[in-house]
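The structure appears below as structure tokens.
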Amino acid sequence: MASSPTAAQTPASAPARRRGRPGHDREAVLRAAIDLFIEQGYDATSISDLAGSLGVTKSAVYHHFPSKESLLGAALDEALEGLDAAVGEAARAGDGRSAHDRLRDTVVAAVRILAAHRPAVTLLLRVRGNSELEVAALARRRRIDDDLARLVADAVAEGSLRSDLSPEVVSRLVFGTVNSLVDWYSPDGSLDPDTLAEGVADLLFRGLEA
Numbered sequence: 002m003a004s005s006p007t008a009a010q011t012p013a014s015a016p017a018r019r020r021g022r023p024g025h026d027r028e029a030v031l032r033a034a035i036d037l038f039i040e041q042g043y044d045a046t047s048i049s050d051l052a053g054s055l056g057v058t059k060s061a062v063y064h065h066f067p068s069k070e071s072l073l074g075a076a077l078d079e080a081l082e083g084l085d086a087a088v089g090e091a092a093r094a095g096d097g098r099s100a101h102d103r104l105r106d107t108v109v110a111a112v113r114i115l116a117a118h119r120p121a122v123t124l125l126l127r128v129r130g131n132s133e134l135e136v137a138a139l140a141r142r143r144r145i146d147d148d149l150a151r152l153v154a155d156a157v158a159e160g161s162l163r164s165d166l167s168p169e170v171v172s173r174l175v176f177g178t179v180n181s182l183v184d185w186y187s188p189d190g191s192l193d194p195d196t197l198a199e200g201v202a203d204l205l206f207r208g209l210e211a
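Set out below in structure tokens:
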């Protein structure tokens, strides 16, 4: 026989159980939003569309995110934060590793991040600067590009990379290769993220080494 509510089970705890619908927590809402933004386009997707895809009311969506823009912001943050940290740390590292090794490790980390957050990265790559939020995301991407270009320049200066290409071109080629994975890679396939990351790095650096 079920016991009656205790004093600790106050009414204040009840709304969390009512609002936290199974399978429709904040993470589930964000995943569904990213999928819809990719499928329909951000501008063409409404909160009503998202609520319909989840089988909930719009108020259930707003419980987790105050606006459609906040959903986009969370998705772009997911795509950028890991990459920003990996590239920034490598570019500023003072741990004695060569610039070549730091650059290679950054490429491996970038592939792993893309594999783990493929939908969010796909959405990021479709951003065109149509709002202040998108402009800010593009600015963060440019800062990441700049950090990577500095790391490439350090590797060229130490003599471990070929010097006939500018660091900016090399950084764009590296990120272009990594970003192209969103078009065909599936984490559910036979190629695991670690093997993919090492393979991409080997391919890039065997062609770039001096």
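Under the numbering used here, the first residue of the sequence shown is numbered 2, with each subsequent residue one higher. We treat Cβ as the ideally placed atom computed from N, Cα and C, and that holds for glycine.
Taking the alpha carbon of residue i as the reference point, which residue from the options has its own alpha carbon closest?
i: P188; options: R129, L115, R143; result: L115
i: G56; options: A198, A29, R93, L73; result: A29
i: S71; options: Y43, S172, L182; result: Y43
i: A154; options: P120, L166, G177; result: L166
i: Q41; options: K59, D96, L124, H64; result: L124
May I have the straight-line CA-CA distance separating residue i from residue j, to the nearest angstrom?
i: G89; j: S54; result: 37 Å
i: I35; j: L174; result: 26 Å
i: A75; j: L149; result: 24 Å
i: H101; j: A91; result: 10 Å
i: L84; j: V170; result: 19 Å
i: K69; j: R98; result: 43 Å
i: S231; j: L37; result: A query on residue 231 cannot be resolved here, the shown segment of the chain reaching from 2 to 211 and no further.
i: S191; j: L152; result: 32 Å
i: R105; j: F206; result: 7 Å
i: L197; j: R103; result: 18 Å
Between which two residues does the alpha helix (DSSP H) carrying residue i extend?
i: F66; result: Taken as a continuous stretch (DSSP letters only), F66 belongs to no alpha helix (DSSP H), as it is neither H nor E.
i: A33; result: 27-41
i: R129; result: Segment: none, R129 is in no alpha helix (DSSP H) and carries neither H nor E.
i: P188; result: It is not in any alpha helix (DSSP H) - P188 carries neither H nor E in the DSSP assignment.
i: L178; result: The residue asked about is misnamed: residue 178 is Thr in this sequence, not Leu. Note, T178: alpha helix (DSSP H), 168-180.
i: R113; result: 100-117
i: A52; result: 48-55
Our contact map puts residue i next to residue j with C-beta atoms below 8 Å; I'd like the distance itself, whole angstroms only.
i: V157; j: P168; result: 6 Å
i: E79; j: H25; result: Not quite, the Cβ-Cβ distance comes to about 19 Å (not below 8 Å), so this is no contact.
i: S172; j: D146; result: 6 Å
Quick check on residue i - is its C-beta less than 7 Å from some C-beta in chain C?
i: A138; result: No chain C is present in this structure, which holds just one protein chain.
Is residue i near the ligand ZN, with its Cβ less than 6 Å from a heavy atom?
i: T123; result: With respect to the ligand ZN, the structure offers nothing, as it holds no ligand at all.
Discussion item. Count Cβ pairs between the segment 155-162 and the segment 118-137 that sit closer than 8 Å; are there 3 or more?
Written reply: Taking 8 Å as the limit for Cβ pairs, the verdict is that the segment 118-137 does not touch the segment 155-162.
Worksheet item: Does the segment 47-56 come close enough to the segment 103-112 to have 3 or more Cβ pairs within less than 8 Å?
Response: Touching, no.
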